[in-house]
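Protein chains in written order, with the numbering used here: chain P, 1 to 307; chain L, 308 to 625.
Below, the structure written as structure tokens:
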């Protein structure tokens, strides 16, 4: 079968308690479990065990991204295909990561680790699985995040990773930014029917640009900005804005270790397999409008500040 | 082999037959007032699409003696899936009609059509022509096109509601033969399935492509289209009312069942339409678990906000 979901991001943090405060009180995730090395979080509208893991480290950045497959035999197949493609692969046994089954860790050409796994333990939706309360409880603390939506990873040359994800893992490319020579500067890759599950942008190999949390409305994004301001969370200077690429409402901010987060709302639907619809092409002259639709200029920090 | 998304990739279109001379009234509604784009038209049919859609049609209208739901179309990955699903549907004892490319609808590859338990026709195909994005493929402005502003201007076809005399049997077929997942269901006090929301696509406004309600076989309950968020839907509700369009008694509401913010209203032929946003976040995975509602909570499931009963809401509309 296939990769069915961008499931979680495991980010490195330098202070676990500060990370817990940020991802629960500000971002609004549920703290599922924690020990002295890691904390596991899930958004209100996802039934799996976690969508974010924070791992204690001496530096910020991305440890790995987790994607779920919908057939156990996919793991063997993916490992063989990645090995044949010349990528490093290792088995991740049951128990290494709480709340999920065994998996295979693949190092992408961009030098990011991507873990594929089949099983996630279930914690249910925050409103319950039976006659649930829709929407958000009055006792809710933090922003009204519904789910972890996508991540953007940085790399020096996106093309080999785009090729691998498209040809081997069945991702489609919905939009891309190209230089005058046709080289990819950024690519928006989907393994579902959303606009992107994993995006690639310019920067050092292996670096983490951001992970984005989905919301159901632009109003909830604005409420999220209010929470960020009240909590004095460091954010990109633009505050709330719109991406010309994808046409979504968004704000970027940072966790206490510097890892970039995003709140966003959008309804873009993609067709579900590579090659069916040609990608939207953004040229360099239009890129500033593509990145920040209202401001039409890209602040240097947007690409300089990666972890 | 290989990691491939197989089978049904997306809901493609709804095909309606309307007693409408030269489709004058239906085009006035769906194109001029509801705000869909006319991709193609011939002597028999009009083919309309939503503005954010590249494929040629989400709604096909044709003149018939009586108003009717003709079929619902789903897009498969490839011809291999078409053959495999043909075998599975026939093995389930259901007759499959084969059609060559461009028949009966233009711009479509080879297709199969069949009647599901519940009486509605579905058509599966692996190839559909594209009109392209109306906003273009080069550095576009992803903004509602100027000529559609002030209309409902739906972004995508989201889901279709059907009625069935035996919802459990309809849901079993869709899940076991066609590969749909179940995101939510309503069960009676004695554990019988009364209604289900079925999905294949994982997307932002997600969780259902088909909604099965109890009722008479062979009918359409409603057709739902995607909007960005509740604010859009509230504003469009004003335009619809100003335009004299019949809005359902619920008005704008949160539908707990499906987790959408929704507005239901009726076209000029009495067909119930919905604009929705939000939706249930669920993945196409065998271990995904559906939300379960009990019949005693039905009123709260259908509309979280309204406290008055709207008994007509469960009636089919075509």
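Glycine residues also receive a C-beta, built at the ideal position from the N, C-alpha and C atoms.
Check                                                                                                                                                                        : Outcome
Mapping the DSSP letters down to three states, classify residue 283 of chain P as helix, strand or coil.                                                                     : strand
Mind pulling the alpha helix (DSSP H) runs of 4 or more residues that sit fully within the segment 499-565 of chain L?                                                       : 537-549
Note down, in chain order, each residue of its chain lying with its Cβ closer than 8 Å to the Cβ of residue 203 of chain P, except the 5 sequence neighbours on either side. : 154, 155, 156, 209, 303 and 306
So, is the C-beta of residue 267 of chain P closer than 8 Å to a C-beta in chain L?                                                                                          : yes
Per DSSP, which one or two residues make a beta bridge with residue 151 of chain P?                                                                                          : P:198 and P:211
Closest Cβ-Cβ distance between residue 557 of chain L and chain P: below 8 Å?                                                                                                : no
Is residue 423 of chain L near the ligand ATP, going by C-beta to nearest heavy atom under 7 Å?                                                                              : Within the structure as shown, the ligand ATP is missing, as the structure has no ligands at all.
Sort L:448, L:395, L:342 and L:465 by Cα distance to residue 317 of chain L and report the nearest one.                                                                      : L:465
Could you work out which residue in L:429, L:358, L:330 and L:497 is closest to residue 517 of chain L when comparing CA atoms only?                                         : L:429
Just confirm the distance between the C-beta atoms of residue 147 of chain P and residue 230 of chain P, as a whole number of angstroms; I'd bet it's less than 8 Å.         : Actually they do not touch by this definition, with Cβ atoms about 23 Å apart.
So, is the C-beta of residue 130 of chain P closer than 8 Å to a C-beta in chain L?                                                                                          : yes
Would residue 341 of chain L and residue 470 of chain L qualify as a contact pair, given that the criterion is a beta-carbon distance under 8 Å?                             : no
Output the distance between the C-alpha atoms of residue 249 of chain P and residue 191 of chain P, rounded to the nearest integer angstrom.                                 : 22 Å
Show which residues of chain L have a CB atom less than 8 Å away from the CB atom of residue 105 of chain P.                                                                 : Correct list: empty, because the minimum Cβ distance to chain L is about 16 Å.
So, does the CB of residue 189 of chain P fall closer than 8 Å to a CB anywhere in chain L?                                                                                  : no
Classify residue 262 of chain P as buried or exposed, calling it buried when 16 or more other Cβ atoms lie within 10 Å of its own Cβ.                                        : buried
Under the three-state reduction of DSSP, which class applies to residue 13 of chain P: helix, strand or coil?                                                                : strand
Sort P:293, P:301, P:63 and P:299 by Cα distance to residue 446 of chain L and report the nearest one.                                                                       : P:293
How many Å lie between residue 394 of chain L and residue 553 of chain L at the Cα?                                                                                          : 44 Å
If you reduce the DSSP assignment to three classes, tell me which class residue 122 of chain P lands in.                                                                     : strand
Going along chain L, which residues have a C-beta under 7 Å from residue 169 of chain P?                                                                                     : 310
On a Cα-Cα basis, can you pick out the residue from P:95, P:135 and P:206 that is closest to residue 114 of chain P?                                                         : P:206
Measuring CA to CA, which of L:365, L:337 and L:330 is closest to residue 352 of chain L?                                                                                    : L:330
Cβ of residue 450 of chain L less than 8 Å from any chain P Cβ?                                                                                                              : yes
Within 8 Å of any Cβ in chain L, is that where the Cβ of residue 216 of chain P sits?                                                                                        : yes
Which residues in the same chain have their Cβ closer than 6 Å to the Cβ of residue 332 of chain L, if we skip the five residues on either side of it in sequence?           : 575
Does the CB of residue 337 of chain L have a neighbour CB from chain P at under 8 Å?                                                                                         : no
Could you tell me if residue 350 of chain L is buried or exposed, where buried requires 16 or more neighbouring beta carbons within 10 angstroms of its beta carbon?         : exposed
Determine the direct distance from the alpha carbon of residue 483 of chain L to that of residue 16 of chain P, and round the result to whole angstroms.                     : 45 Å
Jot down the residue ranges of each uninterrupted alpha helix (DSSP H) in the segment 399-483 of chain L, minimum 4 residues, whole runs only, in chain order.               : 474-483
Between residue 492 of chain L and chain P, is any beta-carbon pair separated by less than 8 Å?                                                                              : no
For the alpha helix (DSSP H) containing residue 83 of chain P, list its first residue and its last residue.                                                                  : 73-84
Can you name the start and end residues of the alpha helix (DSSP H) that residue 223 of chain P belongs to?                                                                  : 218-230
Which bits of chain P does residue 532 of chain L rub up against, with CB to CB less than 8 Å?                                                                               : What residue 532 of chain L touches in chain P: nothing, since even the nearest Cβ is about 11 Å away.
Got a sec, what are the start and stop residues for the beta strand (DSSP E) residue 332 of chain L sits in?                                                                 : Element bounds for residue 332 of chain L: not the beta strand (DSSP E) but the alpha helix (DSSP H), 331-334.
Mapping the DSSP letters down to three states, classify residue 603 of chain L as helix, strand or coil.                                                                     : helix
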